[in-house]
Amino acid sequence: MKNEPTQGNKREKSLDFGIVPHSSALHLSGVVKRPGIVLVADRELTEWLAEHATPLSWYSYQSALLNGVNGIYEREIGVGFFLMYQCLDNNNTHLTSNDKDALLYQLEDYISIVLGDLNQENIRQGLGVEVAHLTTGRNIVGNTIGYAYEPGHYGLSQQGFETVQGYRFALWYQNIWIMAHELGHNFSGTHKEADKWCAADFLICLDWKRSLMWETFYDDNEDEFSHGNRNPNHNNRQRVRDSWDRTPPCVICHESRSE
Ligand SMILES: [Zn+2]
Numbered sequence: 001m002k003n004e005p006t007q008g009n010k011r012e013k014s015l016d017f018g019i020v021p022h023s024s025a026l027h028l029s030g031v032v033k034r035p036g037i038v039l040v041a042d043r044e045l046t047e048w049l050a051e052h053a054t055p056l057s058w059y060s061y062q063s064a065l066l067n068g069v070n071g072i073y074e075r076e077i078g079v080g081f082f083l084m085y086q087c088l089d090n091n092n093t094h095l096t097s098n099d100k101d102a103l104l105y106q107l108e109d110y111i112s113i114v115l116g117d118l119n120q121e122n123i124r125q126g127l128g129v130e131v132a133h134l135t136t137g138r139n140i141v142g143n144t145i146g147y148a149y150e151p152g153h154y155g156l157s158q159q160g161f162e163t164v165q166g167y168r169f170a171l172w173y174q175n176i177w178i179m180a181h182e183l184g185h186n187f188s189g190t191h192k193e194a195d196k197w198c199a200a201d202f203l204i205c206l207d208w209k210r211s212l213m214w215e216t217f218y219d220d221n222e223d224e225f226s227h228g229n230r231n232p233n234h235n236n237r238q239r240v241r242d243s244w245d246r247t248p249p250c251v252i253c254h255e256s257r258s259e
């Protein structure tokens, strides 16, 4: 996922939390097939949030993000993610790179240390976790604002903030959209089957629209998967649904990585 970087102000404060296990994880019955997710924050995210207009804890910020993402997935796929763990690299000892590949590897290493290697089926089943997603406050090198395995179990999204009249706010729609996009990659969603269509034209197209797996973020992108209505060969909704129902283990993990 690409965009022009939107960040760049001072960073000061930090919060102090470690892993937050969610007790609701204990009540997983297996009745509803709902992929468990672990959300990871880095020190930089806490520093951004401490300067938010209404300062947010990193874990409540992530919960709000996931609510937005789940709103999309519940509508598109029929079920959203189940929040199993939230982790913070508070000492800044693991998630230290601004390079997308290095940072994704660091995320894998970090999760392997604190929870277990999600590339292993028995680990995923034991944890009840299918994917880990890092919401980073780091400014990833280049125009990249999101990166993930397609398919696979790890992904990350750079959190966007804006400053209005001296007050900092999260770019909620963008941040939710990018996280939903990268999770889409984890479940086999692909740029190749994203749609772009003209919503208004007069001799030329005046207003382009793009579906959720489109490679580049525009603030008027739609938060829906392609589903065969515009191009019968484009159906990311079906791809993700099929992958969602995959019987572990995922047989072609680490096939590729996508922005
Ligand atoms: Zn992408």
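So in the working numbering, spot 161 of the sequence shown is number 161, and the numbers just go up one at a time.
By construction, the Cβ of each residue, glycine as well, lies at the ideal position given by its N, Cα and C atoms.
Quick caveat, the model's predicted, so the values are computed rather than measured.
How about residue i and residue j: are their beta carbons less than 8 Å apart?
| i | j | result |
| --- | --- | --- |
| Ile72 | Ala180 | yes |
| Arg230 | Tyr218 | no |
| Val40 | Ile176 | no |
| Ala194 | Trp214 | yes |
| Lys100 | Thr54 | no |
| Gly128 | Met84 | yes |
| His133 | Leu156 | yes |
| Asn108 | Gly36 | Before going on, a small fix: residue 108 reads as Glu here, not Asn. No, the pair does not count as a contact, with Cβ atoms beyond the cut-off. |
| Thr135 | Leu103 | no |
| Val79 | Arg34 | yes |
Out of curiosity, what's the CA-to-CA distance linking residue i and residue j?
| i | j | result |
| --- | --- | --- |
| Leu260 | Gly142 | Residue coverage of the chain in this structure runs from 1 to 259, which leaves residue 260 outside it and unanswerable. |
| Thr93 | Leu45 | 14 Å |
| Gly146 | Leu183 | 10 Å |
| Val32 | Ser57 | Summary for Val32: the model assigns pLDDT 44, below 50, so the residue's position carries little reliability; its value from the coordinates is reported in the next sentence. When rounded, the distance between both Cα atoms is 30 Å. |
| Arg138 | Tyr167 | 20 Å |
| Glu51 | Gln159 | 14 Å |
| Glu95 | Gln106 | Per the sequence presented here, residue 95 reads as Leu, with Glu not at that position. Approximately 6 Å between the Cα atoms of the pair. |
| Asp223 | Ser112 | 32 Å |
| Phe82 | Arg241 | 16 Å |
| Gly228 | Asn235 | 5 Å |
| Leu203 | Asp89 | 53 Å |
| Asn221 | Glu162 | 19 Å |
| Pro232 | Asp207 | 22 Å |
| Phe169 | Ser226 | 30 Å |
| Lys2 | Ile178 | 9 Å |
| Arg239 | Leu212 | 13 Å |
Use the C-beta contact count for residue i: other C-beta atoms within 10 angstroms, 16 or more gives buried, fewer gives exposed.
| i | result |
| --- | --- |
| Glu121 | exposed |
| His237 | It should be pointed out that residue 237 corresponds to Arg in this sequence rather than to His. Answer is buried; the Cβ neighbour count reaches 16. |
| Gln86 | buried |
| Trp48 | buried |
| Val164 | exposed |
| Glu74 | exposed |
| Ser60 | exposed |
| Asn91 | exposed |
| Ala199 | exposed |
| Asp42 | buried |
| Gly126 | exposed |
Hey, is residue i close to ligand 2, as in C-beta under 7 Å from one of its heavy atoms?
| i | result |
| --- | --- |
| Met213 | Inclusion of ligand 2 in the displayed structure is not the case, the ligand content consisting of ligand 1 alone. |
Secondary structure, beta strand (DSSP E): runs of 3+ residues fully inside the stretch 126-153: List check, beta strand (DSSP E) in window: 131-136 and 146-149.
Length-filtered (4 minimum) alpha helix (DSSP H) runs lying within the stretch 164-207: With a minimum length of 4 residues, the continuous alpha helix (DSSP H) runs that stay inside the stretch 164-207 are 172-186.
Segment contact flag, the stretch 184-193 with the stretch 148-168, C-beta cutoff 8 Å, min 3 pairs: Taking 8 Å as the limit for Cβ pairs, the verdict is that the stretch 148-168 does touch the stretch 184-193.
Minimum length 4: unbroken alpha helix (DSSP H) runs contained in the stretch 31-106: Unbroken alpha helix (DSSP H) runs of no fewer than 4 residues, entirely contained in the stretch 31-106, are found at 43-50 and 58-76, following chain order.
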